[in-house]
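Taking it in order: structure first as structure tokens, then the write-up.
Residue numbers (this note's numbering), protein chains in the order written: chain A, 1 to 111; chain B, 112 to 226.
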């Protein structure tokens with residue numbers, strides 16, 4: 001069965017730096033991969049969707065890449081701000097058409 | 112004007128009780144979901160309904176029974192609650208099925224504590 005691994009549980013960075021989060025998956029490549037943000041006590045909020053034929057997607061200070069050869073997606077937050085502190089989840093469709101989530105990476109941006 | 116709302120936000124109950132969590136969405140979506148987030152923060156899908164029809168039914172105990180009276184509502188009823196049921200339960204909705212190329216919109220969760 002498909003496994004989704006986000007490389008680290010926690011990432012601490014200085015304000016203004018770029019945070020890079022990794023999402024790796026096993027087995028087959030999904031047609032779509034999504035990234036969500038979750039704040040404490042709240043539900044996940046959708047950020048970006050990238051398709052398998054797209055190498056890169058951007059939204060404001062966020063950038064997502066998708067490498068089907070490496071079976072990996074990278075999520076970048078450039079010029080990070082303390083307000084970016086949250087848990088970031090990647091999600092992809094498994095072979096039974098369910099959207100499955102990684103465990104998430106908690107980002108803390110220090111002022 | 113909340114898009115996906117679930118009630119209650121907190122639910123504390125004793126083992127063996129039966130409880131329900133309600134969910135409503137005003138986004139006009141035709142698919143709704145229940146996810147469970149455990150203490151390790153893993154979000155796992157439990158059920159999915161499309162236009163009131165059950166389309167995903169994960170391996171969850173029979174004590175959990177979803178009910179969709181219409182496509183804007185998806186409730187979760189839990190019988191004979193156990194300690195291991197303690198978790199945060201999230202309702203979500205999306206266009207189409209499976210959230211494949213359509214993002215999910217989540218409620219803010221119901222924190223269930225079984226004592």
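The C-beta atom is built at its ideal place from N, Cα and C for all residues, glycine as well.
Just measuring C-alpha positions, the residue of A/80, A/94 and A/22 sitting nearest residue 70 of chain A is A/22. Residue 61 of chain A counts as exposed, since fewer than 16 other C-beta atoms from the protein chains shown sit within 10 angstroms of its C-beta. Non-local C-beta neighbours of residue 38 of chain A in its own chain, meaning closer than 8 angstroms and more than five positions away in sequence, comprise 44, 45, 86, 87, 88, 89 and 104, ordered along the chain. In this model, residue 191 of chain B and residue 75 of chain A are separated by some 42 angstroms (Cα to Cα). Excluding sequence positions up to five before and after residue 109 of chain A, its CB lies within less than 7 angstroms of the CB of 13, 15, 80, 81, 82, 84 and 85, all in the same chain and listed in chain order. The continuous beta strand (DSSP E) containing residue 180 of chain B extends over residues 175–181.
Within 10 angstroms of the beta-carbon of residue 52 of chain A lie fewer than 16 other beta-carbons, which makes it exposed.
Taking 7 angstroms as the cut-off, the beta carbon of residue 158 of chain B is found no closer than this to the beta carbon of residue 172 of chain B. Counted as a single uninterrupted DSSP element, the beta strand (DSSP E) harbouring residue 124 of chain B occupies residues 121–124. In terms of beta-carbon proximity, residue 201 of chain B lines the interface with chain A, with at least one pair separated by less than 7 angstroms.
Runs of beta strand (DSSP E) with 3 or more residues, each lying fully within the region 22–53 of chain A, are found at 32–38 and 45–51, listed in chain order. Bridge partners of residue 164 of chain B according to DSSP: B/161. Per the coordinates, the alpha-carbon of residue 152 of chain B lies some 11 angstroms from the alpha-carbon of residue 146 of chain B.
Not a single C-beta of chain A is nearer than 7 angstroms to the C-beta of residue 185 of chain B. About 6 angstroms separates the beta carbons of residue 36 of chain A and residue 47 of chain A, which is inside the 8 angstroms limit, making them a contact pair. Around the C-beta of residue 30 of chain A, 16 or more other C-beta atoms lie within 10 Å, and the residue is accordingly described as buried.
For a Cβ distance threshold of 8 angstroms, nothing in chain A lies close to residue 195 of chain B: the least Cβ distance comes to about 19 angstroms. With contacts defined as CB atoms closer than 7 angstroms, residue 186 of chain B and residue 133 of chain B qualify as a contacting pair. With respect to the C-alpha of residue 57 of chain A, the residue from A/40, A/41, A/34 and A/42 having the closest C-alpha is A/34. At a cut-off of 7 angstroms between beta-carbon atoms, residue 132 of chain B makes no contact with chain A. Against residue 215 of chain B, the close residues of chain A are 46 and 99, in the order they occur along the chain (beta-carbon pairs closer than 7 angstroms).
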